[in-house]
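A.B. asks:
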Amino acid sequence: PEVPSPKLVSAAGVTSVGAGNDFACLLNEQQEVFCWGADTYGQLGNGLPKASEPTPQLVMGGAKGLSVGGFHACASDDSAFSCWGIALNAASPILIPGVAIPTAMSSVGSADGTDCGVFGPAEVRCWVANIVAPTTVAW
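Letter by letter, the sequence shown follows residues 216 to 354 in the working numbering.
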């Protein structure tokens, strides 16, 4: 099969990018999150599920971190974590209860319905979609 050529989405100011199943999101220097692509499960976060978008759509501002996995995405600011998409049945960002960020989150990872954040040298917190009681993993 023929592989399509890459399409320029944004030329400047991108600090992070993530791709899920048929969609992608980016975080820019202005702390804005944009998503584009398929929106079957609300994963674009624009409040309009099933309205696929070929161009980046603004999801939220004030973000410091971004993570994309499967059919959902999450973004963090200095004190909280928000997610949207199939993992929480939300077409726009919703605050994840119990996932307060006590210190700067240095990184975050997402997969199909599971998210984990690194909060310090020995603290990782993970939570699963629809079971938003974070578990601290120590080592």
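Built from N, CA and C at the ideal position, the CB exists for glycine as well.
Return helix, strand or coil for Ile-301, following the three-state DSSP convention.
C.D. replies: One-based indexing of the sequence shown puts residue 301 at position 86. Residue state, collapsed to three classes: helix.
A.B. asks: Taking Gly-285 as the reference, give the member of Leu-242, Ala-227, Ala-337 and Cys-298 with the closest Cα.
C.D. replies: Residue numbering aside, residue 285 sits at position 70 when the sequence shown is read from its first letter. Among Leu-242, Ala-227, Ala-337 and Cys-298, the Cα nearest to that of Gly-285 belongs to Cys-298.
A.B. asks: Rank Pro-308, Met-275 and Ser-291 by C-alpha distance to the C-alpha of Ser-282 and give the top, closest one.
C.D. replies: If you number the sequence shown from 1, residue 282 lands on position 67. Cα-wise, what sits closest to Ser-282 is Ser-291.
A.B. asks: What separation, rounded to the nearest whole angstrom, lies between the Cα atoms of Trp-354 and Val-339?
C.D. replies: Counted from its first residue, the sequence shown places residue 354 at position 139. Counted from its first residue, the sequence shown places residue 339 at position 124. Since pLDDT at Trp-354 reaches only 46, below the 50 mark, its modelled position is unreliable, and the value read off the structure follows with that caveat. The straight-line gap from Cα to Cα measures roughly 9 Å.
A.B. asks: Pop quiz: Glu-268 and Leu-259 are said to be a contact at Cβ under 8 Å. What is the actual Cβ separation, rounded to whole angstroms?
C.D. replies: Here residue 268 refers to the residue found at position 53 when the sequence shown is read from its first residue. Here residue 259 refers to the residue found at position 44 when the sequence shown is read from its first residue. Their Cβ separation, rounded to whole angstroms, is 6 Å, which keeps Glu-268 and Leu-259 in contact under 8 Å.
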